[in-house]
Structures are given as structure tokens and as C-alpha cells.
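Residue numbers (my numbering), protein chains in the order written: chain A, 42 to 303; chain B, 77 to 412.
Ideal placement from N, C-alpha and C gives every residue a C-beta, glycine not left out.
Just so it is clear, the structure is predicted and the values come from calculations on it, not from any experiment.
One structure below.
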């Protein structure tokens, strides 16, 4: 099963914010989407789902799921195949953590919305994996940023979709939970999910991603295994930085060190 | 594992509210200057008796009880739905301007003397006002984002208010002004079964539409984009909530005049009891609204028999300070 995007372009008046992007995501791989702020990463994720539609946004190109045009799927059918984890950690009302996670089963539930036994089990499981079980009855709004991030990840995982598009899943997390969430995404990929995740941490991208896509000004300027994409030249043109790189126990690490022109 | 424990109190809450509505309805039936017994109601409804007690039961008490319950339910339900749609606890059914437009229609009927010539002209004109406002909103709902739609609703409400004021201003006859002012305060006295037949079907259709779209409101609490990603058809559910609100509230205003605060206060009070879940709030708010309006209508008849206080005045008089207290308490104490 694969998600194929061909010639995707998103334009607002007088400006293309995604230019002719083509990529594919296979089940079972963890792919990183890397690029400077404003490069179009979030817009790309939303455009794949077809949910970024503002009034004056124009989108062209084709997104196919196993060869089938995604625009022809019902919203519900699409939601059962692709989950989306937004960048913002916003939940209205004082919903409990468990109710938030349960919303991940939204597209699988009947009109009455009472979760079946199997749904309940999936929700429990996702909360256990993200270490949010102890928060279940707490109100989402009082959680810390890192806790919110994990709860929302559990929500996105609860859909058990073949694909997951995650917008900065580790952005608000402390170092331990960054590693934990990356491991979770890794596991999800090993269990067969195709995961596309926006990520800023170069070392995490290096260590955990099967592939990375490097975006700059609405275009993908390089893609492939992290070692081949996150080169000095590419990082200079995408971010304007010079990294510091090395190896530890056979694994690469990479941190931003200084501006390229310094 | 939490879920079954949570659904049980919800069922209990629904049951308790339903029981309270039932008891309030019985109490409402018993209220009035004439002593009417259960037997009279039985004969009025099932035997079509024509004696005085049966007539009072059939023509006065029963329609008044039905209208209080139905209008209260419409206001509570649509208030909860609007708050869920707009994700704003200050939203209320009037915010989309339909009740203002309905009131304007009624005021025009009173001003032109149409309602004097033909008694049902008033609710008909009010329904017409509501329908026109609804059509306007429907066209907008397909093109505008939500914020634009709400601003249009607010503009519609103030335009209706301004036109109503204009009618009052131009009215040469002080009695007409008096009548208009009184009608606008909202009341359920002197309503008959005809009003029930006129208003109830629209209200019921509105309820069904709102309850169908309830589930999507839960998804909306994660924000519009996430709701879309979860498979919600945002445009359609937005149109449904507005349409359902317009139908039920338009019909309610047409029959009773403007009754404030129920749509705002009832969802606000009940929200903590349903774990703040927008979808679950809808059915309980309908029952809560019915209960509150039945009680307010009983209170009105109890307090000042004869020269009745207007129902809308009472709901606002009790509702506004109560709401203020609620808001202040939340500020000081628990999580907001």
C-alpha cells in the first residue's frame, strides 16, 4: 500500500507555497520532512489530506492511495486510511484526556458514538504506549506541553490508519520523551504504518528516519537516506547553517553549529 | 475501562432530567385559576368532551404546557449546538440573527394591523421573517468562513433590531406600540393548539437536524482542520447546525416572542455534567431548557396571576444575575 503524491502545487494569489512536489510514502517506512520555517512543510501535509483549504488557496496535483484518487474517497473513508497530527496542541472545552484520545476512533464509530469493546481496547492500548494512561481522567487543558503532545499522538494513533502524517510530533517534548516518541513512531512503522513526520532535530532525523525529504521554499530539494540528504551543502542551502557532525557507536549525529556565512 | 462508568451517569442524568420535565409538565397543567382535575384532561384528550373544564384543559392548559416544553427545548438545544459549532460558551441561538428576524416579522404584522384582521398573521409573518433570514444565512454559509457567517448573523440581528425600532418609531398609535412591546417580551399566555400545530413541526424537524449533527461537534473540539482530517464534512455540518437552529428558534419566536437567556445559560450549567463533551450536551440541554421554561412559566402564573409578568422578562431577570454569578464563581474557584 502506498501514498503517492504527484505534481502537487498549492498557490495563494501571486505566490506558490508548494511547487510541483512529488513524493511517495510506503507502508512500513518512517520518513522525515525537514525544512526551514515557512518552507511549506505543514502546508504540504494539509494539502495531501486536502484539508488546508482557505478561500483563496488553489491546489492542483494528484494524491493517490494505492492508485486511487484521494479526492474521490469520502472524507470518512480517507480518515480511516490517513491520520493527521496537527502542530497546534489545542482542544476546546475541558475534555478529559481519555475523551480526546477516543476522538481518534471518530471515523470508525457509529452515529451514536458509543465505543465498542474493541475500540475501548485500542484506546487503552494507545494510551499505554504513549504513557498517558495515568492522565486519563485529567482535563486536557491543564496538562503540560509535553503531556499534551503525547495525548494527541495517542489520539492520532488510535485511528489505526495505514498512514500517519505528523506535524512536529516531538517539538514540545523533553529529551527523554523525544526519544520515546521517536521510538513509538519507529514501532508504528515496523508494525506496517507509513509515517511522514515533520522534524527539526537533525540528529533524531539521522538516527530514526528511513528516508528524509528536504524542503526549501515549497520544493523538495533532496530526498533519500538521511546520510545522503543531510549533507553540509544541502543544509547550507536549506537552512543557511553549518552543522557539526560525528559518529557514536556507529550512528551519526548532527547538530546545527553556526550560520554558513560566519 | 472508564467508558462504561461514564455512560451510566449520563443515562442517569438524562433520566433524571426527563423525569423532572415530566413532573414540571404535570405541575404546569395544574396551574391556573380554574380547578381542573386529571379526569378533565382525560376527557378532553381522549373523549373530546365539550364542557368547560375539558375546554380549558384542551384549549388553554395543554397547549401552554406543550409550548413551554417545546420552546424551552428548542432554545436549550440550539444554544448548545451553537456553542459547540462556534466553540464559544458565549454563543446563543440569537447570535445568527434568526430570532431577531422572526421578531421583526411579528412586529410588522402587529404594526400593519394584519394580526388584528387575522390572528395567525403574527406567527405566519414571524415564520416568514425567520425563513428569509435562514435563506440569507444559507447562501452565506456555502461561501463564507465561519467568522464571516457569524458577523453576518450579528449584522442581521442588529438590522432587524433597527427595523423593529423604526416600526415602533413610526407607529402613530400608542396602543400598537404597547402591543408590540408586550409581544416582544415573550409570553405563553393565550396560546392555543393552533400555535402548537403551527410551531411544533418546525421545532421537531430542527431538533432532529441538530441531534444528527451533534457528533461532529465533538470532533470540532479538536479544531476545524483536525475535524476535517477525522472525516467531518465541515461545510455540511455547519449548514445543518445553522438550519436546525433557524428552524427551531424561528418557530419558537414566532409562537412565543423573544425569550432570552435559556439558550445561553442551560448549556453552560449542564456542560460540566457531561464531561464537557459537546455532543452529549445537546440532548441534556434540550431537556434542561424544557424544564427551565416550564418552571419559569409556572413561576409567572404563580407570582402574578391575572396581570402576568412576561415570560421573557422573568427568564432574563433570573437568568442574567445567575449567569453573572456562575461566571464570577468560575473565575475565583475551579478551572475555567
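At a cut-off of 9 Å between C-beta atoms, residue 175/A does not count as an interface residue with respect to chain B.
Counting C-beta atoms within 10 angstroms of its own C-beta, residue 56/A has fewer than 16 neighbours from the protein chains shown and is therefore classed as exposed. Residue 195/A and residue 121/A have their alpha carbons spaced roughly 15 Å apart. In summary, residue 79/A is exposed, with fewer than 16 beta-carbon neighbours lying within 10 Å of its beta-carbon over all protein chains present.
In the DSSP annotation of this structure, the continuous segment of the beta strand (DSSP E) that includes residue 299/A starts and ends at 292-300. Contact annotation: in the stretch 296-309 of chain B, residues whose CB is within less than 9 Å of a CB in chain A are 296, 297, 298, 299, 300, 301, 302, 303, 304, 305, 306, 307, 308 and 309. The beta carbon of residue 348/B falls within 9 Å of a beta carbon belonging to chain A, placing the residue at that interface. In the displayed model, residue 123/B falls within a helix according to three-state DSSP. Rounded to whole angstroms, the separation of the alpha carbons of residue 231/B and residue 54/A is 29 Å. At a beta-carbon threshold of 7 Å, the residues of chain B lying near residue 87/A are 301, ordered along the chain. A Cβ-Cβ separation of about 6 Å places residue 255/B in contact with residue 186/B under the 8 Å criterion. If only uninterrupted beta strand (DSSP E) runs of at least 3 residues are considered, none is enclosed by the stretch 159-232 of chain B. With its beta carbon at least 9 Å from every one in chain B, residue 159/A lies outside the interface. For residue 117/A, the residues of chain B that pass the 9 Å Cβ criterion are 306, 307, 308 and 309, in the order they occur in the chain. At a C-beta separation below 8 Å, residue 353/B has these neighbours in chain A: 134, 136 and 140.
For residue 70/A, the closest C-alpha among the options 161/A, 206/A, 149/A and 302/A is that of 206/A. Annotated as distal: residue 275/B and residue 322/B, with beta-carbon spacing of 9 Å or more.
With a threshold of 9 Å between beta carbons, residue 127/A makes contact with chain B.
Rounded to the nearest angstrom, the gap between the Cα atoms of residue 238/A and residue 270/A is 16 Å. Just so you know, the alpha carbons of residue 201/A and residue 165/B end up roughly 33 Å apart. For residue 147/A, the neighbours in chain B by C-beta distance under 7 Å run, in chain order, 295, 306 and 307. Contacts with chain B at 9 Å (Cβ-Cβ) include residue 180/A. The stretch 223-240 of chain B and the stretch 166-179 of chain B touch, with three or more beta-carbon pairs separated by less than 8 Å. The DSSP-derived three-state label of residue 129/A is coil. Shown here, residue 103/A sits in a strand according to DSSP, grouped into three states. With its beta carbon less than 9 Å from one in chain B, residue 144/A belongs to the interface. In the structure shown, residue 284/A adopts extended strand secondary structure according to DSSP, grouped into three states.
C-alpha of residue 204/A to C-alpha of residue 66/A: approximately 8 Å in a straight line. Nearest C-alpha to residue 106/B among 96/B, 136/B and 95/B: 136/B. Listed as beta-bridge partners of residue 204/A by DSSP are 123/A and 235/A. By the rule that beta-carbons nearer than 9 Å mark a contact, residue 377/B does not touch chain A.
Using a CB distance below 9 Å, the part of the stretch 160-172 of chain B facing chain A consists of 160, 163, 164 and 165, ordered along the chain. By the Cβ neighbour-count rule, residue 273/B is exposed, with fewer than 16 other Cβ atoms within 10 Å of its own.
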